[in-house]
Structures are given as C-alpha cells and as structure tokens.
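To keep things clear, I will list the structure first and then write my remarks on it.
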Amino acid sequence: MQYVLTSGGLNPPRTLAELLEEVNHATPKQVFFFDSRPFLGGDLSYAVNWTDTGSCPNIIPIFLNPKRATAEVVGHELMHAWTEFFLGFEDERHYVDRTDQPMTMMVNIVQSMVLDCVVLREMKRRDGFNCDQFRRDLVEAAIASITPYERGMMHVTPFGQLVGAENLAVPLALPEFYELRREDKKVVQELWKICRRQDPAMAWVAEKYAEALRRHGFDTCRGSGSPSTNACSRPSSFLA
Ligand SMILES: [Zn+2]
56 MQYVLTSGGL NPPRTLAELL EEVNHATPKQ VFFFDSRPFL GGDLSYAVNW TDTGSCPNII
116 PIFLNPKRAT AEVVGHELMH AWTEFFLGFE DERHYVDRTD QPMTMMVNIV QSMVLDCVVL
176 REMKRRDGFN CDQFRRDLVE AAIASITPYE RGMMHVTPFG QLVGAENLAV PLALPEFYEL
236 RREDKKVVQE LWKICRRQDP AMAWVAEKYA EALRRHGFDT CRGSGSPSTN ACSRPSSFLA
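Numbering (my numbering), first residue to last: 56 to 295.
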C-alpha cells in the first residue's frame, strides 16, 4: 500500500501541512508513505515507524501503520527529515562492517532512540501537535516489551532485547521530558523490577543506555552522537 501526502490530498492539519511544506522546500525528493504492517508482521499496539532520507535518490519513503497514522505520528516521521535538513541532526555513522547485519541494525536502533528525543523536542516547540501520544506510546512499548516475561515468554532475538532495553531506558532517563505521569512512573518501575528479575542482561544494557542518555543528553549534534557511541559499545555481549 502506498500513500502520497499532499496538502490537497489528505487534507492534513495546518501544523502538519506547514512541516511538510518546509521539508519539501529543503529537498527535491518527494515524500512517499508506505504501509509498515507487512514488514512488522501485522498491526502492533504502539507506533513503530521509520523514515529513510538517504537510500533512495528520488523519494523519501516513510513507513507507518495507516491505522495509527495520526497527525503526530506523521509529524514525527517528517520531523526526522526536518531535523536533518534544517538542524543537521542525523547520525550518519554506520557500523564499519555493513555485511554484519545484526550489528548494523543494532547501531541503527540505538541511533533512533537518541534522534527520537530531538524529534520530540522540535515537535514540542511547535503549536498544534498533541505530544501526549508519545508519552503513551513510550509506556505502551515498555509494557509490550516486558510483561510477556511474566507469562513465561522471552525475546527470541537480541533485537527484541535491544528494543526492550531502550523502552526501559528512555522513560527512566527522561521522565519529565516525555511528561510521564505518576501512574506511568509506577508502571515503569514495575517493569524494571520484572526485567531485573527475568532478564538481568537486558536490564544491564538498559541501565547503560539510561546512563548514556543522562550523561550526554541529546540536545546538541555532539550530544546526540555521544549517547549512541556510549550505548553501542556496551550491549554486544549478548548479541549472537
Ligand atoms: Zn522516530
């Protein structure tokens, strides 16, 4: 399934239309939307979307779940392109050996964790986006990553563990930035307990991620790279 977002097509809210307009001014590439569900094995309960500004010569593909494509979700993905084009915020580093797919993917996942904070910061600076969705998604993603342990399940791949570690680290390191509520913080605390008990290796990585985010932040280009560097150097111990 493919979508093209134009100001006359889907009639996006003004804030979103302005953002799209700005991205269109910054690049000759056209933004295309693709359905992410076939790549993710179906409809997840929280947003998993991605934007690729570099791989295609003529278009910027944005993958998202159309059932969950609110203005905020679309805005988040467009903002990835915006922060790259207008602020130079893109971590262009890749794992040195591109044939090593697991490590390459791991680096991408860690970079996304940091860049998403930059994206949220810029969305909060604009009027018109309801950023509460990102708070809810953050907590929902952590719940989805951790509660299966209580039913005797575990992640089948290191990627599941990596994503789970991120889902625990971000709400621990940046609760105020994501505007977590008191009940969210309680939920996150419980999830941490479960993880420490059931998967200490993953909890260890999550602690290192949180420590890197706290120490280096994400607020400058230099800062946005440092947590990635720090975090990437840690978790390889449990990679296959
Ligand atoms: Zn993102």
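From the three backbone atoms N, C-alpha and C, an ideal C-beta is built for every residue, glycine too.
Assigned secondary structure, residue i (DSSP; H/G/I helix, E/B strand, else coil)
i           : result
residue 225 : helix
residue 69  : helix
residue 75  : helix
residue 126 : helix
residue 209 : coil
residue 239 : helix
residue 264 : helix
residue 132 : helix
residue 99  : coil
residue 139 : helix
residue 145 : coil
residue 218 : helix
residue 157 : helix
One or two residues paired with residue i in a DSSP bridge
i           : result
residue 90  : 119
residue 105 : 118
residue 85  : 114
Contacting residues, own chain, Cβ-Cβ under 6 Å from residue i (five flanking each side not counted)
i           : result
residue 254 : none
residue 269 : 228
residue 251 : 258
residue 64  : Residue confidence is low: residue 64 scores 47 on pLDDT, short of 50, so the model does not pin down where it sits. Its coordinate-derived value is still stated next. Same-chain partners within the cutoff: there are none.
residue 120 : 91 and 92
Residue i and residue j closer than 8 Å at C-beta
i           : j           : result
residue 71  : residue 129 : yes
residue 115 : residue 106 : yes
residue 219 : residue 198 : no
Same chain only: Cβ atoms within 8 Å of residue i, ignoring 5 sequence neighbours per side
i           : result
residue 69  : 183
residue 234 : 186, 187 and 190
residue 133 : 71, 74, 75, 78, 86, 106 and 117
Unbroken stretches of the alpha helix (DSSP H), 4 residues or longer, contained in the stretch 170-203: 187-201
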